[in-house]
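Chemist: Here's a structure for you.
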Amino acid sequence: KAGVTQTPRYLIKTRGQQVTLSCSPISGHRSVSWYQQTPGQGLQFLFEYFSETQRNKGNFPGRFSGRQFSNSRSEMNVSTLELGDSALYLCASSFPRDSYNEQFFGPGTRLTVL
Amino acid sequence: EDKVVQSPLSLVVHEGDTVTLNCSYEVTNFRSLLWYKQEKKAPTFLFMLTSSGIEKKSGRLSSILDKKELFSILNITATQTGDSAVYLCAVERYKIRGGADGLTFGKGTHLIIQP
Numbered sequence: 001k002a003g004v005t006q007t008p009r010y011l012i013k014t015r016g017q018q019v020t021l022s023c024s025p026i027s028g029h030r031s032v033s034w035y036q037q038t039p040g041q042g043l044q045f046l047f048e049y050f051s052e053t054q055r056n057k058g059n060f061p062g063r064f065s066g067r068q069f070s071n072s073r074s075e076m077n078v079s080t081l082e083l084g085d086s087a088l089y090l091c092a093s094s095f096p097r098d099s100y101n102e103q104f105f106g107p108g109t110r111l112t113v114l
Numbered sequence: 115e116d117k118v119v120q121s122p123l124s125l126v127v128h129e130g131d132t133v134t135l136n137c138s139y140e141v142t143n144f145r146s147l148l149w150y151k152q153e154k155k156a157p158t159f160l161f162m163l164t165s166s167g168i169e170k171k172s173g174r175l176s177s178i179l180d181k182k183e184l185f186s187i188l189n190i191t192a193t194q195t196g197d198s199a200v201y202l203c204a205v206e207r208y209k210i211r212g213g214a215d216g217l218t219f220g221k222g223t224h225l226i227i228q229p
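Which chain is which? The protein sequence lines are Y and V, in order. Residue numbers are given in my numbering: position 66 of the first sequence equals residue 66, and the series is strictly consecutive. Count along the second sequence starting at 1, add 114, and that's the number in my numbering.
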């Protein structure tokens with residue numbers, strides 16, 4: 001079974017731009033969660049999608065948004081990028097998402113904002 | 115605000131040593147505590163603990179939860195260089211309307227095993 005894939009793996013943007021990151025879950029998985037990882041704050045939960053609906057949301061500003069498609073693939077978007085948005089963005093998938101012990105992480109997208 | 119604190123933040127030991135990593139938490143509506151290992155990019159799942167006092171074991175790794183004192187430890191015996199990684203602790207809580215909320219992670223313990 002193929003693992004969770006994320007594209008692109010690396011991205012460089014400038015302040016004020018917007019960015020879209022993509023996550024393809026393991027086949028059959030319907031829940032996708034997104035996390036931001038920085039050296040200062042560690043791993044922080046952004047949001048979770050299940051069956052195309054946002055089911056949980058962390059404490060991030062509205063510039064961070066996401067969506068999920070009918071094939072369970074998910075995208076997250078960050079608008080009006082700030083320097084502090086530089087981070088590793090990880091997505092994780094599971095089926096069904098009743099508890100997190102079956103959550104599998106992708107390799108992440110490294111976003112650098114200049 | 116939910117809080118997960120891991121200690122130490124970093125640790126350097128020699129191969130063959132035993133290490134104990136700590137995780138304390140303050141979370142409302144606690145559901146479970148999870149341990150992950152992160153080597154390069156993607157964290158990989160190690161253990162999930164929900165009940166106090168029951169040890170989970172996998173090879174040289176073991177973990178236990180104390181729900182009264184709100185902490186967990188992860189033990190690694192006979193350490194090997196391949197155990198070098200960041201070990202993350204995360205807490206899951208119940209949502210008021212049912213189901214589980216997003217995970218709250220600690221900042222991790224960076225473990226280095228020297229040959």
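Cβ atoms here follow ideal geometry from the backbone N, Cα and C, with glycine treated the same way.
Name, in chain order, the residues that DSSP records as bridge partners for Lys117(V).
Modeler: Mapped onto the second sequence, residue 117(V) falls at position 3. Paired residues: Glu140(V).
Chemist: Would you say the region 71-84 of chain Y touches the region 172-190 of chain V, given that touching needs at least three Cβ pairs under 8 angstroms?
Modeler: As far as the Cβ criterion goes, the region 71-84 of chain Y does not touch the region 172-190 of chain V, which means the pair count is below three.
Chemist: Cutting at 6 angstroms between CB atoms, please list the residues of its own chain near Phe47(Y), excluding the five before and the five after it.
Modeler: Indexing the first sequence from 1 puts residue 47(Y) at position 47. Result list for Phe47(Y): Trp34, Gln54, Lys57 and Gly66, in chain order.
Chemist: Going by alpha carbons, who is nearest to Asp116(V) out of Leu160(V), Phe219(V), Lys151(V) and Leu163(V)?
Modeler: Residue numbering aside, residue 116(V) sits at position 2 when the second sequence is read from its first letter. Looking at the Cα atoms, Phe219(V) is the closest of the given residues.
Chemist: Whole angstroms are fine: how far does the CA of Gly167(V) sit from the CA of Glu183(V)?
Modeler: By one-based count along the second sequence, residue 183(V) stands at place 69. By one-based count along the second sequence, residue 167(V) stands at place 53. Going by the C-alpha atoms only, they are around 11 angstroms apart.
Chemist: Report the CB separation of Phe144(V) from Val205(V) in whole angstroms; it is logged as a contact under 8 angstroms.
Modeler: Your numbering for residue 144(V) matches position 30 in the second sequence. Your numbering for residue 205(V) matches position 91 in the second sequence. The Cβ separation is near 7 angstroms, so the contact holds.
Chemist: For the candidate residues Arg110(Y), Leu111(Y), Gln37(Y) and Gln103(Y), whose alpha-carbon lies nearest to that of Val4(Y)?
Modeler: Against the first sequence, residue 4(Y) aligns to sequence position 4. Nearest option by C-alpha distance: Gln103(Y).
Chemist: With a 10 Å radius around its C-beta and 16 neighbouring C-beta atoms as the bar for buried, classify Ser165(V) as buried or exposed.
Modeler: By one-based count along the second sequence, residue 165(V) stands at place 51. Exposed, by the Cβ-count rule.
Chemist: Is it buried or exposed, Gln37(Y), if we count other Cβ atoms within 10 angstroms and call 16 or more buried?
Modeler: In the first sequence, counting from the first residue as 1, residue 37(Y) sits at position 37. Label assigned to Gln37(Y): buried.
Chemist: For a contact defined as C-beta to C-beta under 9 angstroms, what are the partners of Ser95(Y) on chain V?
Modeler: As a working note, residue 95(Y) is residue 95 in the first sequence. It should be pointed out that residue 95(Y) corresponds to Phe in this sequence rather than to Ser. Neighbours of Phe95(Y) on chain V: none; closest Cβ ~14 angstroms, over 9 angstroms.
Chemist: Distance check for Cys203(V) and Trp149(V), CA to CA, integer angstroms please.
Modeler: Here residue 149(V) corresponds to residue number 35 of the second sequence, with the count starting at 1. Here residue 203(V) corresponds to residue number 89 of the second sequence, with the count starting at 1. Cα to Cα, the separation comes out at about 5 angstroms.
Chemist: Spell out the partners DSSP gives Thr20(Y) in its beta bridges.
Modeler: Numbered from 1 along the first sequence, position 20 holds the residue referred to as residue 20(Y). Thr20(Y) pairs with Asn77(Y).
Chemist: Please confirm if Leu11(Y) has its CB atom under 7 angstroms from at least one CB of chain V.
Modeler: Mapped onto the first sequence, residue 11(Y) falls at position 11. No, Leu11(Y) lies away from the interface with chain V (no Cβ there is under 7 angstroms from its Cβ).
Chemist: Around the Cβ of Ser146(V), are there at least 16 other Cβ atoms within 10 angstroms (buried) or fewer (exposed)?
Modeler: Looking up residue 146(V) in the second sequence gives position 32. Counting Cβ neighbours within 10 Å, Ser146(V) comes out buried, since at least 16 surround it.
Chemist: Sort out for me which residues DSSP pairs Asp131(V) with in a bridge.
Modeler: Within the second sequence, numbered from 1, the residue matching residue 131(V) stands at position 17. Answer by DSSP bridge pairing: none, since Asp131(V) is not bridged.
Chemist: Determine the chain Y residues that contact Thr230(V) at a beta-carbon separation under 8 angstroms, and present them in chain order.
Modeler: Here chain V covers residues 115 to 229 and nothing more, so residue 230(V) does not appear.
Chemist: Going along the chain, which residues of its own chain have a beta-carbon closer than 6 angstroms to the beta-carbon of Ser121(V), five neighbours each way excluded?
Modeler: Along the second sequence, read from residue 1 onward, the residue named residue 121(V) stands at position 7. The residues are Asn136.
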